[in-house]
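S.K.: Residue numbers (the working numbering), protein chains in the order written: chain A, 125 to 412; chain B, 347 to 582.
1. Taking any Cβ of chain A, which residues in the region 403 to 416 of chain B have a Cβ under 9 Å from it, in chain order?
2. So, is residue 355 of chain B buried or exposed, given that buried needs 16 or more other C-beta atoms within 10 angstroms?
3. Looking only at its own chain, which residues have a Cβ that is under 7 Å from the Cβ of residue 480 of chain B, when we skip the five neighbours before and after it?
4. Just the Cα atoms here: how many angstroms apart are residue 132 of chain A and residue 153 of chain A?
5. Identify whether residue 549 of chain B lies in helix, strand or coil by the three-state DSSP scheme.
6. Does residue 440 of chain B have its Cβ less than 8 Å from a Cβ in chain A?
7. Compute the Euclidean distance between the alpha carbons of residue 224 of chain A and residue 213 of chain A, then round it to the nearest angstrom.
8. Just curious, the alpha helix (DSSP H) that residue 210 of chain A is in, first and last residue?
9. Strictly by DSSP, which residues pair up with residue 559 of chain B?
10. Could you give the distance in angstroms between the alpha-carbon of residue 360 of chain B and the alpha-carbon of residue 532 of chain B?
11. With a cut-off of 8 Å on the beta carbons, I'd call residue 254 of chain A and residue 242 of chain A a contact; round off their distance for me.
12. Nearest CA to the CA of residue 422 of chain B: which residue from A:294, A:264, A:393?
13. I'd like the ranges of any alpha helix (DSSP H) spanning at least 4 consecutive residues and lying wholly in the region 231 to 296 of chain A.
14. Kindly provide the ranges of any alpha helix (DSSP H) runs that are 4 or more residues long and lie completely inside the region 463 to 504 of chain B, ordered along the chain.
15. So with CB distances below 9 Å, who are the chain B contacts of residue 198 of chain A?
16. Just list the residues that DSSP pairs residue 380 of chain B with in beta bridges.
17. CA-CA distance, residue 169 of chain A and residue 227 of chain A?
18. Near residue 146 of chain A, what residues of its chain come up, given a Cβ to Cβ distance below 8 Å and the 5 sequence neighbours on each side ignored?
19. Check for me: the alpha helix (DSSP H) holding residue 371 of chain B runs from which residue to which?
20. Just to confirm, are residue 161 of chain A and residue 357 of chain A a CB contact at a threshold of 8 Å?
21. In this structure, how does DSSP classify residue 450 of chain B when only helix, strand and coil are distinguished?
22. Give me, in chain order, the residues of the same chain whose beta-carbon lies closer than 7 Å to that of residue 484 of chain B; leave out the 5 immediate sequence neighbours on both sides.
23. Use the C-beta contact count for residue 217 of chain A: other C-beta atoms within 10 angstroms, 16 or more gives buried, fewer gives exposed.
24. To which residues of the same chain is residue 234 of chain A closer than 7 Å at the C-beta, ignoring the five residues directly before and after it?
25. Looking at the structure shown, is residue 383 of chain A part of a helix, part of a strand, or coil, going by DSSP?
26. Three-state secondary structure (DSSP) at residue 510 of chain B?
27. Report the option in B:505, B:390, B:351 whose CA atom is closest to the CA atom of residue 553 of chain B.
28. Using a Cβ-Cβ cutoff of 9 Å, what residues of the region 364 to 388 of chain B are near chain A? List them in chain order.
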């Protein structure tokens, strides 16, 4: 019994930084998982990846102007993220370039710009911090920000749930019923950017997308309907956060990578054994 | 006759490249009109213009104020993502969107209306099945059930008989004729000239422009059909 306590609970009971990391990562997972489900439904999985890079120059600009100031980096990240979302949308409407392609173009520019800006003032450590996060170094201010963003995300997602579903499946129908699709799309992109910005503190701009997409992709093989997939994604994400931190503590491996690897393991398990189209389940059904 | 939708020299297209040009005319209240034409004639483009999915490049589309909230769309089956994880019931329930909006719960009346519509189209047995497991005909029936729940006065049907079997076509046509008898305004995009002759009193014949618009018996003359084929560079 004592052994189990030592493995699963004592890191969080004994160390405040582990508790903060746990709360931060779980709150983040509960919001980003459902967002990931909608990204998959809208066939925008790669857009999340692009957006996570799009916030980099803003974060770097905040760092250049105000040093290691959470507020400056968050505001900068949010501004460039929203700017890229807006520009990609405008380009895809005005030209024949599809939205994912224009996102890709802008994110590559953003990534280059971000790294150049960081190198102007920072060291390689600063770049690593931004790219891979510092979940074990979360302070109260960062934790509070993540909790607020996560709670507001769940609230706003539940408010736009119905139109978002209709917009994903049948945008023409929503338009014929008075519209609102563009507003819903913009709100969704805004939530995406805000969560990526909140998440970069925890997991870094590279890893945060994993927290969004891996639980959501795993949930696709577990939940039959959208509602169930949203719950599965949040639960898988939250459990990955906890298990990843436990593994990181006991084996001294980077926490953000550990969390993402556990989420990846869930994805592979559900891909194989998931009740909704998992590879092995489908084969068994086929041979029966 | 009360005009429901008025088209004033409308040109529609994608990114300023017109697909359909200089369309003028009106759909009157209570009429059953077929929009007929070859592939690429601009039929679905016109429907997208009417629902404001496409902004006119020139001209305007006016919807009578009394009908602005009374317009709904049956999309093409190919526009729907069949792998989307929702059930038949949930798809049909979308029809209540205007009444319940984003937050209100589905009350007893709405639920009864949804079940009744599902029964009307004969999908009780698959009400809790995912739409991905439905056949093309069943999915089209589910979309018709959604229209029943919607209960709108102006119905835009974009290729209602595409990819469905003849038996289902007959059933769906009966439903359309029932709506027409109730005085609703129906505009349907079709390819099948014989069906139009048989069931649709009015026809708008398109070939990237209006070839002819009026009573079906007069519009579907051999001369007009040939003109449409010539302008479309293809048959239908």
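Glycine is no exception: its CB is placed at the ideal position from the N, C-alpha and C atoms.
M.R.: Taking the definition as stated:
1. 414, 415
2. In the second chain, counting from the first residue as 1, residue 355 of chain B sits at position 9. Exposed is the label assigned to residue 355 of chain B, since fewer than 16 other Cβ atoms lie within 10 Å of its Cβ.
3. Mapped onto the second chain, residue 480 of chain B falls at position 134. Excluding residues within five positions, the ones whose Cβ falls inside 7 Å are 434, 472, 488.
4. Your numbering for residue 132 of chain A matches position 8 in the first chain. Your numbering for residue 153 of chain A matches position 29 in the first chain. Just so you know, the alpha carbons of residue 132 of chain A and residue 153 of chain A end up roughly 19 Å apart.
5. Sequence index remark: in the second chain, residue 549 of chain B carries index 203 (1-based). In the structure shown, residue 549 of chain B sits in a strand (DSSP, three-state: E or B).
6. Here the question's residue 440 of chain B lines up with position 94 in the second chain. So yes, residue 440 of chain B belongs to the interface.
7. As a position in the first chain, residue 224 of chain A is number 100, starting the count at 1. As a position in the first chain, residue 213 of chain A is number 89, starting the count at 1. So the alpha carbons of these two residues sit roughly 9 Å apart.
8. Here residue 210 of chain A refers to the residue found at position 86 of the first chain. From DSSP, the alpha helix (DSSP H) with residue 210 of chain A extends over 194 to 218.
9. The residue labelled residue 559 of chain B in the question sits at position 213 within the second chain. Beta-bridge partners assigned by DSSP to residue 559 of chain B: B:550.
10. Indexing the second chain from 1 puts residue 360 of chain B at position 14. Indexing the second chain from 1 puts residue 532 of chain B at position 186. Their backbone Cα atoms lie some 25 Å apart in a straight line.
11. As a working note, residue 254 of chain A is residue 130 in the first chain. As a working note, residue 242 of chain A is residue 118 in the first chain. The Cβ separation is near 7 Å, so the contact holds.
12. For the purposes of this step, residue 422 of chain B is identified with residue 76 of the second chain, where counting begins at 1. Of the candidates A:294, A:264, A:393, A:294 places its Cα closest to the Cα of residue 422 of chain B.
13. 248 to 256, 264 to 283, 285 to 293
14. 482 to 496
15. If you number the first chain from 1, residue 198 of chain A lands on position 74. Those within 9 Å of residue 198 of chain A in chain B number zero; the least Cβ separation is about 29 Å.
16. Counting from one through the second chain, the residue named residue 380 of chain B turns up at place 34. In DSSP, residue 380 of chain B forms a bridge with B:534, B:549.
17. Indexing the first chain from 1 puts residue 169 of chain A at position 45. Indexing the first chain from 1 puts residue 227 of chain A at position 103. Approximately 12 Å between the Cα atoms of the pair.
18. Locating residue 146 of chain A in the first chain gives position 22, counting from the first residue. Cβ within range, chain order: 136, 365, 366, 369.
19. Counting from one through the second chain, the residue named residue 371 of chain B turns up at place 25. First-last for residue 371 of chain B: 363 to 374, but that is the beta strand (DSSP E), not the alpha helix (DSSP H).
20. As a first step, residue 161 of chain A must be located in the first chain, where it is residue number 37. As a first step, residue 357 of chain A must be located in the first chain, where it is residue number 233. One thing to note: residue 161 of chain A has its Cβ within 8 Å of the Cβ of residue 357 of chain A.
21. If you number the second chain from 1, residue 450 of chain B lands on position 104. Coil, per DSSP.
22. The sequence position of residue 484 of chain B within the second chain is 138, counting from 1. Within the same chain, residue 484 of chain B has close Cβ partners 469, 472.
23. Stepping through the first chain from its first residue, residue 217 of chain A is reached at position 93. Burial call: exposed.
24. The residue you call residue 234 of chain A lines up with position 110 of the first chain. The answer, listed in chain order, is 177, 178, 180, 181, 204, 208.
25. What you label residue 383 of chain A is simply residue 259 of the first chain in a count that begins at 1. If DSSP states are grouped into helix, strand and coil, residue 383 of chain A belongs with the helices.
26. Along the second chain, one-based indexing puts residue 510 of chain B at 164. The answer is coil: DSSP assigns residue 510 of chain B none of H, G, I, E or B.
27. Along the second chain, one-based indexing puts residue 553 of chain B at 207. Looking only at B:505, B:390, B:351, the smallest Cα-Cα distance to residue 553 of chain B is reached by B:390.
28. The region 364 to 388 of chain B vs chain A, Cβ under 9 Å: nothing.
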